[in-house]
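Colleague:
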Amino acid sequence: MTVSTQDRSALIPLLQQVQVEMGYVPREAITEISRELRVSTSDIFGVLTFYAQFRLTPVGRHQVKICQGTACHVQGAPLIIDAVEEELGLGDGGDTTEDGEFTLEKVACFGACSLAPVMIVDEDTKGNITPDKARRMVRKIIKAQAKKSAVSKNNGEMKNE
Ligand code: FES
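Using my numbering, the first residue of the sequence shown is number 4, and each one after it goes up by one.
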């Protein structure tokens with residue numbers, strides 16, 4: 004069975020709603036929507052994979068966005084992407100670290116081309132980025148995260164004493 008225009012008009016807003024609420028569309032939601040709309044899960048997967056806006060896996064706690072638009076590309080965005088992927092240990096097309104801390108997203112254009120190349124880490128936008136600057140931004144978060152973990156671990160141990 005293929006998804007009719009009518010089914011699709013109900014399906015896409017529902018999937019968008021799930022995505023907004025959860026940051027991705029989990030398997031359980033697909034099953035539930037399938038039952039609700041009487042559309043097969045494979046048809047829903049077809050829609051999810053057709054539209055780039057949908058994610059099937061959770062996003063990391065920290066989001067790194069690197070522009071790969073023309074201006075940024077010309078100014079070295081591919082080298083920045085390589086540096087960040089290496090720093091985060093991302094490979095084989097994966098965009099999220101195994102520990103779920105970081106998601107790397109390659110974006111078309113932030114509309115700040117005069118600052119090219121541009122990278123955004125969470126809410127922090129940086130222009131004229133270099134591979135070294137990009138690595139430092141990522142390391143700073145990893146360091147802060149490690150510090151936070153150590154403090155909460157110590158607090159947990161003190162409570163248990
Ligand atoms: S091309 Fe990168 S901000 Fe426009």
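No residue lacks a Cβ here, since even glycine has one placed at the ideal position from N, Cα and C.
#1: Could you check whether the Cβ of Ala137 sits closer than 6 Å to any heavy atom belonging to ligand 1?
#2: Hey, would you say Gly72 sits closer than 7 Å to Ala32, going by beta carbons?
#3: Could you name the residues that DSSP lists as bridge partners for Thr133?
#4: Assuming Thr106 is part of the beta strand (DSSP E), what are its boundary residues?
#5: Is Pro120 near Ile83, with beta carbons less than 7 Å apart?
#6: Any heavy atom of ligand 1 inside 6 Å of the beta-carbon of Gly130?
#7: Any heavy atom of ligand 1 closer than 6 Å to the CB of Ala86?
#8: Straight-line CA distance for Val23 to Arg58?
#9: Between the C-alpha atoms of Val50 and Ile15, what's the straight-line distance to the nearest angstrom?
#10: Any contact of the stretch 95-110 with the stretch 153-161, i.e. 3+ C-beta pairs under 8 Å?
#11: Within its chain, find whatever has a CB closer than 7 Å to the CB of Gln148; leave out the 5 residues flanking it on each side and keep chain order.
#12: Shorter than 6 Å, the distance from the beta carbon of Gly92 to the closest heavy atom of ligand 1, or not?
#13: Going by C-alpha distance, which of Glu101, Arg142 and Asp127 is nearest Gly63?
#14: Taking Asp135 as the reference, which of Leu18, Ser117, Gly96 and Val87 has the closest Cα?
#15: Compare the Cα-Cα distances from Arg142 to each of His65, Phe113, Tyr27 and Ala74 and report the closest residue.
#16: Which residue marks the beginning of the alpha helix (DSSP H) containing Cys116, and which one marks its end?
#17: Looking at Ala74 and ligand 1, is the gap between the Cβ and the nearest heavy atom below 6 Å?
Modeller: Reading off the structure:
#1: no
#2: no
#3: Note: Thr133 sits in no beta bridge, so no partner.
#4: Phe105 to Val110
#5: yes
#6: no
#7: no
#8: 11 Å
#9: 8 Å
#10: no
#11: Glu104
#12: no
#13: Glu101
#14: Val87
#15: His65
#16: Unbroken run through Cys116: none, as it is neither H nor E.
#17: yes
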